[in-house]
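K.L.:
One point on numbering: in UniProt numbering, the residue at position 286 of the sequence shown is 286, and numbering is uninterrupted.
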Amino acid sequence: MAGRGRTSRQNKDNWPQDLLLSILATLPAKSLLRFKCVSKHWRSLIINPGFIEQHLENQQKKEYPQLIFASGTTTEIVLGSVDIVDVEVDDEEGAKTRKGFKRRSLNICHLPPDGYCMSNSCDGILCFFGETNVFVYNPGTREFRILQMGKKRSSRGPSYSSDCFGQRFPAHQLVGFGRDQVTKECKIIRLFIPIEEQENHIHECEVFTLSSDAGASWRALGVVGYFIRPAQQPVFVNGALHWILDVRHANPSEVIVSFDLHTEKFQAISHPSCCSEASDRRMQHFMGLLSLRSSLCLVQSEYRLRLNIWIMNQSNGVWEKLFTIDLGLMNYRTPLAFPIAELKDGTFFVSHFGENLQIYDPESQSFSEVLIQHERRVVSYAYSESLVPLYGEPLVY
Numbered sequence: 001m002a003g004r005g006r007t008s009r010q011n012k013d014n015w016p017q018d019l020l021l022s023i024l025a026t027l028p029a030k031s032l033l034r035f036k037c038v039s040k041h042w043r044s045l046i047i048n049p050g051f052i053e054q055h056l057e058n059q060q061k062k063e064y065p066q067l068i069f070a071s072g073t074t075t076e077i078v079l080g081s082v083d084i085v086d087v088e089v090d091d092e093e094g095a096k097t098r099k100g101f102k103r104r105s106l107n108i109c110h111l112p113p114d115g116y117c118m119s120n121s122c123d124g125i126l127c128f129f130g131e132t133n134v135f136v137y138n139p140g141t142r143e144f145r146i147l148q149m150g151k152k153r154s155s156r157g158p159s160y161s162s163d164c165f166g167q168r169f170p171a172h173q174l175v176g177f178g179r180d181q182v183t184k185e186c187k188i189i190r191l192f193i194p195i196e197e198q199e200n201h202i203h204e205c206e207v208f209t210l211s212s213d214a215g216a217s218w219r220a221l222g223v224v225g226y227f228i229r230p231a232q233q234p235v236f237v238n239g240a241l242h243w244i245l246d247v248r249h250a251n252p253s254e255v256i257v258s259f260d261l262h263t264e265k266f267q268a269i270s271h272p273s274c275c276s277e278a279s280d281r282r283m284q285h286f287m288g289l290l291s292l293r294s295s296l297c298l299v300q301s302e303y304r305l306r307l308n309i310w311i312m313n314q315s316n317g318v319w320e321k322l323f324t325i326d327l328g329l330m331n332y333r334t335p336l337a338f339p340i341a342e343l344k345d346g347t348f349f350v351s352h353f354g355e356n357l358q359i360y361d362p363e364s365q366s367f368s369e370v371l372i373q374h375e376r377r378v379v380s381y382a383y384s385e386s387l388v389p390l391y392g393e394p395l396v397y
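See below:
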């Protein structure tokens with residue numbers, strides 16, 4: 001019996017490694033956190049950077065993405081709650097069909113009061129920022145970090161503005177989160193207007209790298225050479241954060257600016273033809289950026305008659321129109337509706353005025369019934385859970 005026991009234990013730790021890795025990479029993060037305790041060998045496999053990337057890639061290939069709904073309080077300024085929504089699926093005769101939604105609320109009420117806004121989500125990590133702190137959280141691993149802003153303060157008092165999607169942000173600073181595609185390190189980017197530059201609206205930039213270095217701090221990158229539109233959400237695509245420039249930007253031929261997280265450099269990039277005419281620059285207030293198909297997209301309200309969704313080819317920088325929504329179908333009012341994620345059948349989850357979720361079919365140019373109705377206006381994101389480390393501590397609910 002003793003010999004059988006030894007053989008059994010030995011076989012458990014000597015499975016073909018390729019097979020073991022392929023199985024583990026399909027499992028949810030919650031299971032993998034438990035399996036780290038099976039043995040030292042399993043733990044080393046699960047925390048390996050290569051495995052973390054493979055697991056994330058598998059999660060991003062799911063037929064139905066998870067969704068995040070971040071809602072404000074009754075003032076619609078500070079963060080009130082965050083829900084992660086799973087699409088429940090039936091598998092009948094090999095065909096998967098959506099049957100409903102399952103909500104998981106994240107209890108983040110322990111955060112120090114700071115008027116938190118949702119910045120953006122990247123590779124399973126959520127980033128929120130307030131007047132004095134940045135809060136990053138990985139719901140898959142329950143790991144979080146709270147970082148105090150750099151020493152330079154942007155304003156003597158908070159003021160807020162809304163973007164075209166209805167989300168409210170401080171008017172004097174922008175915060176973005178993403179991952180360096182070379183080093184795989186997570187970085188927080190803060191653009192702020194120093195008190196002495198309030199009238200000129202000149203941004204300065206600082207970066208914080210989330211590493212295991214306990215002595216890490218904000219690094220100043222100096223003045224930003226672009227007049228970036230205030231109060232907007234950045235979009236992270238292929239290693240870079242993107243913003244729309246203000247209509248007062250000195251060079252009218254530049255509309256979108258990107259920040260490469262590896263080189264830590266800003267540069268203007270190409271934009272759709274709809275942004276080229278001088279008369280259309282006034283409509284930039286009705287434009288917003290988002291990500292679909294792992295590519296940069298631009299949502300443009302065309303004279304409040306149509307909503308055009310443009311997508312950029314990452315290989316050559318050429319933009320093309322992905323689809324158009326007739327605003328008459330939506331009894332149009334601000335803020336803009338916008339697609340969150342594409343489904344396998346070519347339809348899109350669309351956040352409708354930030355108040356409900358529907359599916360839009362570009363082929364038939366029609367909306368589904370309301371799938372989820374929100375009591376308050378929310379900001380919606382596609383989400384894929386991950387094991388990406390923050391080098392912080394676990395959040396205790």
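Backbone N, C-alpha and C fix where the C-beta goes; we use that ideal spot for every residue, glycine too.
1. Taking one C-beta from the stretch 160–172 and one from the stretch 338–355 each time, how about it: are there three or more such pairs within less than 8 Å?
2. Assess, as a yes-or-no matter, whether the stretch 290–299 is touched by the stretch 215–230 under the definition of 3 or more beta carbon pairs within less than 8 Å.
3. State buried or exposed for W319, treating a residue as buried only when at least 16 other CB atoms are found within 10 Å of its CB.
4. Measure the C-alpha to C-alpha separation of L56 and L147 and round it to an integer number of angstroms.
5. Per DSSP, what are the beta-bridge partners of K321 in this structure?
6. From the DSSP output, which residues share a beta bridge with S39?
7. N133 lies in the beta strand (DSSP E); which residues open and close that run?
8. Measure the beta-carbon distance from P139 to I84 and round it to whole angstroms, keeping in mind my assumption that it falls under 8 Å.
9. Okay, do the stretch 216–223 and the stretch 234–253 touch, 3+ Cβ pairs below 8 Å being the bar?
10. Report yes if the CB atom of L261 is closer than 7 Å to the CB atom of G178, and no otherwise.
11. Do you know whose CA, among T183, N133, S273, F144, lies nearest residue 407's CA?
12. Where DSSP assigns a beta bridge to A220, which residues make up the other side?
13. If we ignore side chains and look at the alpha-carbon of each, how far apart do I256 and N313 end up?
14. If contacts are defined as beta-carbon pairs under 8 Å, then R137 and L395 qualify, I think. What distance do you get, rounded to the angstrom?
15. Suppose contacts are defined by Cβ-Cβ distances below 7 Å. Is V379 in contact with A171 by that definition?
16. From D114, L371, R142, V299, pick the residue whose C-alpha is nearest to that of Y391; which is it?
17. Just the C-alpha distance for E375 and G176, rounded to the nearest angstrom, thanks.
18. Run through DSSP, which three-state label would L106 get?
19. For the stretch 243–272, which segments carrying the beta strand (DSSP E) assignment without a break, of at least 3 residues, lie completely within its bounds, in sequence order?
20. Closer than 6 Å by C-beta to L174: which residues in its own chain qualify, once you throw out the five before and the five after it? Chain order, please.
21. Find out if the Cβ-Cβ distance for the pair S258, A240 is shorter than 7 Å.
22. What first and last residue would you give for the alpha helix (DSSP H) that runs through H374?
23. Taking the alpha-carbon of Q60 as reference, which of L45, N308, A25 has the nearest alpha-carbon?
24. Please name the residue, chosen from K265, W243, N251, that lies closest to V299 on a Cα-to-Cα basis.
25. Please report the distance separating the alpha-carbon of Q66 from that of N120.
26. Once DSSP output is grouped into helix, strand and coil, what is the label at C164?
27. Below 8 Å on the Cβ atoms is my guess for S81 versus S44; work out the distance and round it to an integer in Å.
28. Which one or two residues does DSSP pair with P65 in a beta bridge?
29. Quick one: residues in its chain with C-beta nearer than 6 Å to the C-beta of residue 404, no 5 flanking neighbours on either side, listed in chain order?
30. Out of P194, C205, T209, E196, which has the shortest C-alpha to C-alpha gap to C186?
P.N.:
On the basis of the supplied data:
1. Yes, the stretch 160–172 touches the stretch 338–355.
2. no
3. buried
4. 25 Å
5. The partner list for K321 (beta bridge, DSSP) reads W310.
6. None, per the DSSP bridge assignment.
7. According to the DSSP assignment, N133 belongs to the beta strand (DSSP E) that extends over 133–138.
8. Rounded to whole angstroms, the Cβ separation of P139 and I84 is 6 Å, and the two are in contact under 8 Å.
9. no
10. yes
11. Residue 407 cannot be examined here, being either before or after the span of the chain that is shown, 1 to 397.
12. Per DSSP, E206.
13. Whole-angstrom Cα-Cα distance: 15 Å.
14. Sequence check: residue 137 is Tyr here, not Arg. Yes, they are in contact, since the Cβ atoms of Y137 and L395 sit about 7 Å apart, within 8 Å.
15. no
16. The residue with the shortest Cα to Cα distance from Y391 is R142.
17. 27 Å
18. strand
19. Unbroken beta strand (DSSP E) runs of no fewer than 3 residues, entirely contained in the stretch 243–272, are found at 256–260, 265–269, following chain order.
20. L191
21. yes
22. Looking at the DSSP string, H374 is not in any alpha helix (DSSP H), and its letter there is neither H nor E.
23. Closest by C-alpha distance to Q60, out of L45, N308, A25, is A25.
24. Check the Cα spacing between V299 and each of K265, W243, N251: the tightest is with W243.
25. 15 Å
26. coil
27. No, S81 and S44 are not in contact; Cβ-Cβ is about 37 Å, not under 8 Å.
28. Answer by DSSP bridge pairing: none, since P65 is not bridged.
29. Residue 404 is absent from the model: the chain starts at 1 and stops at 397.
30. T209
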